[in-house]
Each structure stands twice: as C-alpha cells, then as structure tokens.
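Structure record follows, encoded as structure tokens.
Protein chains: 2
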Amino acid sequence: MSDSRPIGVFDSGLGGLTVVREIFRCMPGERVIYFGDTARVPYGGRSVSAIKRFGMQDARFLLSMDIKMLIVACNTVSSVGLAHIREGVTEIPVIGVVLPGSRAAALRTAERKIGVIGTRATVGSEAYTQALHNIDNGLRVYSKACPLFVPLVEEGLIDTDFTRMVAQHYLYELVDTGIDCLILGCTHYPLLMETILATVGTRVQLLDSAFWTAKEAADILSALGARHPEHGSGFAESRFFVSDKTPNFDQVARRFLGQEIQDIETIELEDIGE
Amino acid sequence: MSDSRPIGVFDSGLGGLTVVREIFRCMPGERVIYFGDTARVPYGGRSVSAIKRFGMQDARFLLSMDIKMLIVACNTVSSVGLAHIREGVTEIPVIGVVLPGSRAAALRTAERKIGVIGTRATVGSEAYTQALHNIDNGLRVYSKACPLFVPLVEEGLIDTDFTRMVAQHYLYELVDTGIDCLILGCTHYPLLMETILATVGTRVQLLDSAFWTAKEAADILSALGARHPEHGSGFAESRFFVSDKTPNFDQVARRFLGQEIQDIETIELEDIGE
C-alpha cells in the first residue's frame with residue numbers, strides 16, 4: 105500500500121524550509137507542496153486571533169492541492185493555532201513542530217531539566233512547556249525568548265562577535281539552571297547551531313524541531329502505509345508557493361533548504377481568503 | 105482661515121508614531137488619525153508591488169476619515185510607493201518622510217557628503233540618494249542598510265554592548281567616508297540616537313526624518329491657511345487604528361509616541377480592501 109500524494113507544509117515565511125530539508129533527507133521519494141506566507145511574515149508578534157486565522161487560510165490553500173498530510177512548520181501556529189486547524193481538517197493527519205521535539209527531549213533528558221528557546225510568541229504561549237508536562241509532569245522546563253536570532257539568521261550574520269554576544273545574553277542564565285537538553289523551538293535556529301552549541305557547551309544536547317518533525321511525519325506515514333515508493337526525486341516534483349516574492353527570496357530559501365529552488369510560484373493573499 | 109479636519113498618518117507598524125510625536129510637539133492643536141498596519145508589518149522585505157498595494161490600501165482607509173493632509177510615515181512606502189499614492193490621491197497634500205530629511209541635510213552639509221541609514225528596502229530603493237541628487241546633483245551620498253536596528257529597538261535593547269557593536273559594524277565604514285550629515289531614514293532609529301551619536305561622533309550631524317517631516321507638514325498647512333487653531337489638545341481628540349492588536353502593543357506604542365494611548369481601535373484587513 106502506498107500513497108503518492110504530496111505532503112503539505114506551511115510556515116509564515118521561509119524558515120519552514122528547514123523542515124522540508126529534513127523531509128527530503130529521511131524520505132527522499134516524497135513530494136512536498138510548500139507554502140510560505142511571505143506577505144505577512146512574521147506571525148510571531150501578531151495576536152492569537154490573527155495567528156489562528158492566517159494559519160487556517162494557509163492550511164486551506166494546501167488542502168486544495170490534494171495532500172496526504174499537513175505539517176504546520178510554523179512554531180507560532182503550532183503553539184497557538186494547531187487545535188483550531190485540527191478542528192477544521194479532519195480528513196488527513198495534521199502535525200505541528202512542537203510535540204516531536206518535546207517527545208525527543210523528554211526521552212533524552214537525564215537531569216529531567218529541559219530548556220526551550222523560540223520567538224516571543226512561541227515562548228509566551230507556553231506550548232512547549234505544556235507539551236512536555238503532558239508527557240511527564242515531573243520535568244522542569246526553562247524557556248527563553250530569543251527574538252534577535254531570527255533577524256540575525258535572515259541577515260546571514262551567523263558568525264560575528266555580536267551574534268555570539270547575543271547568544272550569551274540569551275543563553276547563559278538558561279545554562280545555569282542545569283538543563284541537559286535544549287529544544288530549538290524555531291525553524292530559523294538550526295542555522296545558529298554552532299554558535300548555540302559553543303555557548304551552551306557539549307553537556308547540553310540540542311534538539312532540532314525540524315529534524316524530529318520530519319521523523320514523526322515518516323513514522324506516521326509508515327504506520328498508515330502511506331509512504332511514497334522511494335524511487336525518483338521527491339524534490340524535483342515538489343512545488344513551492346509564496347504569497348509575496350520578496351527581494352532576496354532565492355538566497356534566503358537556499359540557506360534554509362540547502363539547495364536551489366528552480367521555480368517558485370506566487371499566489372495572492374486574496375486567493376487564500378484574506 | 106483654518107481647517108479643523110485631522111491629519112492622516114500611516115506606517116506599516118508603530119514606528120510612524122515617532123512622526124506623530126513630532127507633530128504634537130510642533131502643532132499641539134492638530135488632531136491626528138493614525139493607522140499602523142500591524143497585521144502585515146514589516147513592509148521592508150516585501151516586493152515593490154506588495155508595498156504599493158498595501159500603501160494604497162492604508163491611504164484609502166485614512167481618506168475615508170476626512171483628513172486634510174496625508175503623511176506617509178513609512179520609509180519603505182515613501183521610498184517606492186509615494187508616486188503611486190499621489191496618483192490616486194489628488195484632493196489633499198500627500199507628503200512622505202524621504203524628502204524633508206533630505207532637504208534639511210542638503211542645506212546643512214559643509215563637506216557635501218551625506219550618509220543615509222535605513223532598512224534594506226529603503227536603502228535598496230535609492231530613494232534618499234535620488235531625492236538628494238534632485239536637490240543638488242553634486243552631493244555625494246553614502247548609504248548603508250542597518251536591518252538589525254529595528255528588532256533591537258523593538259526589543260528595547262537600546263543600551264547594550266552588542267547594540268553598540270552592531271552600530272559599529274554598520275557605521276564605521278560610513279564615518280570613514282567623511283560624511284558630516286547622517287539621515288536617520290527609518291522611524292525606529294531616533295530611539296537609537298544616543299548609541300548612533302556615540303558611534304559616529306559629534307562631527308556628524310544627525311537628521312531625524314520624523315522631526316523634519318512634521319516640520320514640513322506644519323509649513324505646508326500654514327501656507328495653505330489650514331492649521332487648526334492652537335487651543336485644546338490635539339492628542340486627546342486623535343484616533344489610533346491598527347490592523348492587529350499585537351501582544352506588547354501598549355509598551356511599544358508608548359516607546360515611540362512618548363505617551364500612553366488610551367483607546368486603540370482595531371480594523372480588519374478585509375475592511376481596507378485586502
């Protein structure tokens with residue numbers, strides 16, 4: 105049994121392409137339909153009602169493309185709008201990026217102390233804390249918003265003195281709590297992996313939400329017998345949509361996806377119901 | 105002769121409140137209708153067509169409120185979409201934030217070398233360079249995008265070591281060119297005035313676009329005999345609209361406006377034509 109339909113993935117912008125990269129790594133035969141709402145990125149600072157509305161519009165656009173699974177690759181929507189989307193989308197599995205990384209961390213922590221970093225919205229929602237406590241109520245969770253990490257990554261300022269100082273500013277207190285696992289709760293953060301690792305030290309294991317989400321998607325599709333036969337390149341047959349073709353799109357997309365996207369399609373916000 | 109109608113001011117977000125603050129400083133009797141498109145902020149990284157479309161929608165919303173003048177307090181829209189808005193709005197004066205600061209700098213430079221800092225979109229548009237060359241083609245203009253300044257201001261990280269390092273990273277080369285005037289081509293930058301001044305030194309005069317724009321508005325209204333009689337408080341009768349009530353709105357608004365806004369009204373994007 106197999107299902108050749110594509111996997112739908114959306115994010116507020118291009119950061120979700122880190123999830124797509126991990127999908128191609130662990131399921132190279134799968135096709136992806138990606139949507140990045142680049143006309144309204146970032147969602148992080150918006151109200152909960154706006155985040156829910158935008159997320160549902162993004163989901164509906166992907167559903168119109170006949171997908172077999174929906175991945176909400178946006179931490180903000182996963183944190184505050186996933187239940188809302190699941191209410192509206194009952195015909196296919198819907199997964200977010202919060203739970204997979206939380207499960208992996210809960211399994212790995214020896215000290216039972218887990219750190220979580222993300223945008224202000226993600227941390228403020230306490231979605232990771234709740235997910236971790238649902239898994240094991242005895243876990244101690246320390247979270248910290250790192251709002252400058254996204255612009256640093258988007259500017260390509262990965263390896264500068266002030267990037268390291270910003271990382272220290274955000275992370276030193278977190279390390280002092282004695283955490284042994286740190287969840288990167290934002291799709292941009294994997295690109296800062298080396299700087300974060302150098303700051304927190306090797307005693308702390310970093311958990312990349314993008315990787316664990318792709319792995320969970322693979323597990324679910326396998327369990328449902330819905331994996332696409334692993335021949336041919338899923339990437340070559342994937343499609344990438346944005347709501348606005350921003351000036352340095354190609355460069356940013358390459359940074360997140362790890363390869364060039366040949367053909368990016370633009371849709372109007374009007375077409376997704378705004 | 106006088107005109108008691110309000111002045112319409114819009115920005116992609118809340119930064120334009122620095123222009124409103126200057127309006128109340130130099131014209132305390134004037135009422136303002138402000139619109140911040142907080143559901144779609146920032147415009148800086150969007151395509152030119154999106155910037156024009158969003159700007160026109162923002163303008164139309166304010167026009168529906170019977171204003172006597174329209175101030176485009178958004179550097180991005182002023183840079184790439186002002187002509188487009190002027191084509192559609194012929195009944196009242198429309199001014200942007202690019203020309204006023206440029207005029208002031210052109211009058212003040214002794215070395216005839218002017219620096220301009222702004223977002224990537226503003227600098228990329230070369231709007232300040234063109235405006236300055238239209239005034240005096242012999243001026244030498246050196247511009248530099250400082251994309252991290254906005255998130256630093258929005259996070260309130262005004263006085264930190266890495267803010268100073270970021271300022272040095274952006275500004276040292278600019279100072280080496282021998283400029284004696286530096287235009288702050290972004291509504292957020294006045295809040296970094298001290299850090300910028302400490303970096304560039306007192307040899308360089310800083311020109312705040314917000315201040316010069318308010319001054320130009322006052323000059324135009326006076327010339328037209330359309331100033332509101334200076335009694336009563338314009339602020340108390342002003343109205344403030346946003347397209348999304350973001351979580352830390354009050355705090356950010358106070359930082360830009362210098363005082364508390366009691367009543368913020370929210371409008372839906374649908375209502376402005378999106």
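Protein sequences appear in the order of chains A and B. According to the numbering used here, numbering within the first sequence proceeds without interruption in unit steps and concludes at 378. According to the numbering used here, numbering within the second sequence proceeds without interruption in unit steps and concludes at 378. Ideal Cβ positions, reconstructed from N, Cα and C, are used throughout, including at glycine.
N-terminal and C-terminal residue of the alpha helix (DSSP H) that residue i is part of
i        : result
Cys130/B : Leu121 to Cys130
Val308/B : Element bounds for Val308/B: n/a, residue is neither H nor E.
Glu215/B : That residue, Glu215/B, is in no alpha helix (DSSP H); it is neither H nor E in DSSP.
Thr264/A : Unbroken run through Thr264/A: none, as it is neither H nor E.
Met160/B : Val152 to Leu167
Leu236/A : Ala231 to Ile239
Closest residue to residue i among the options (Cα-Cα distance)
i        : options                                   : result
Leu118/B : Tyr293/B, Thr299/B, Leu325/B and Gln309/B : Tyr293/B
Gly219/A : Cys285/A, Ala340/A, Asp367/A and Ile239/A : Cys285/A
His273/A : Asp265/B, Ala271/B, Leu275/B and Thr370/B : Asp265/B
Phe165/A : Asn238/A, Trp316/A, Val346/A and Phe353/A : Val346/A
Ala209/B : Arg135/B, Val308/B, Tyr138/B and Asp323/B : Val308/B
Gln161/A : Gly149/A, Lys172/A, Arg144/A and Met173/A : Arg144/A
Arg109/A : Leu361/A, Leu373/A, Ile368/A and Leu325/A : Leu325/A
Cys178/B : Thr233/B, Asp141/B and Asp263/B           : Asp141/B
Pro73/B  : Met173/B, Ile239/B and Arg207/B           : Residue numbering for chain B in the displayed model covers 105 to 378; residue 73/B lies beyond these limits and cannot be assessed.
Glu126/A : Ile368/A, Arg216/A, Glu372/A and Leu361/A : Leu361/A
Thr213/A : Glu372/A, Asp240/A and Glu191/A           : Asp240/A
Gly228/A : Phe315/A, Lys217/A, Glu369/A and Thr180/A : Thr180/A
Ala154/A : Trp316/B, Lys349/B, Ile283/B and Asp323/B : Lys349/B
Glu364/A : Glu374/A, Leu373/A and Ser342/A           : Ser342/A
Val215/B : Ile171/B, Val279/B, Arg359/B and Phe158/B : Note that residue 215/B is Glu in the sequence shown here, rather than Val. The residue with the shortest Cα to Cα distance from Glu215/B is Val279/B.
Phe353/B : Ala327/A, Pro132/A, Ser116/A and Gly149/A : Gly149/A
Any chain A beta carbon closer than 8 Å to residue i
i        : result
Asp263/B : no
Asp380/B : Examination of residue 380/B is not possible in this model, given that chain B is present from 105 through 378 alone.
Thr380/B : Given that chain B is displayed from residue 105 to residue 378, the structure contains no residue 380/B and the question cannot be resolved.
Gly362/B : no
Arg144/B : yes
Phe315/B : no
Ala302/B : no
Leu252/B : yes
Pro255/B : yes
Phe266/B : yes
Glu277/B : no
Pairwise C-alpha distance: residue j and residue i
i        : j        : result
Leu275/B : Leu288/B : 12 Å
Ile300/A : Gly200/B : 42 Å
Cys250/B : Ile221/B : 7 Å
Ala330/B : Leu203/B : 21 Å
Glu298/A : Phe339/A : 27 Å
Leu248/B : Arg224/B : Note that residue 248/B corresponds to Lys in the displayed sequence, not to Leu. Approximately 8 Å between the Cα atoms of the pair.
Phe114/B : Thr233/A : 38 Å
Gly305/B : Val270/B : 16 Å
Thr291/B : Cys130/A : 45 Å
Leu252/A : Glu259/B : 8 Å
Ser313/A : Lys217/A : 17 Å
Glu195/B : Leu373/A : 30 Å
Glu230/B : Ser183/B : 8 Å
Leu186/A : Thr226/A : 12 Å
Asp170/A : Ser106/A : 15 Å
Arg157/B : Glu191/B : 13 Å
His335/B : Thr267/B : 41 Å
8 Å Cβ cutoff met for residue i and residue j
i        : j        : result
Leu295/A : Val257/A : yes
Gly112/B : Ile175/B : yes
Tyr246/A : Thr303/A : no
Leu121/A : Tyr138/A : yes
Ser151/A : Pro333/B : no
Phe344/B : Ile368/B : yes
Val193/A : Ala318/A : no
Leu311/A : Gly159/A : no
Residue interval of the beta strand (DSSP E) (run including residue i)
i        : result
Tyr138/B : Val136 to Gly140
Val245/B : Arg244 to Ala249
Phe339/A : Neither: Phe339/A is in no beta strand (DSSP E) and is coded neither H nor E.
Thr370/B : Ile368 to Thr370
C-beta neighbour in chain B for residue i, strict 8 Å
i        : result
Phe339/A : no
Leu236/A : no
Leu121/A : no
Gly149/A : yes
His188/A : no
Ala231/A : no
His292/A : no
Gly228/A : yes
Val270/A : yes
Ala154/A : yes
Phe345/A : no
heavy atom of the ligand SAM below 7 Å from residue i C-beta
i        : result
Gly200/B : For the structure depicted, the ligand SAM is absent and the ligand set is empty, with no information on it obtainable.
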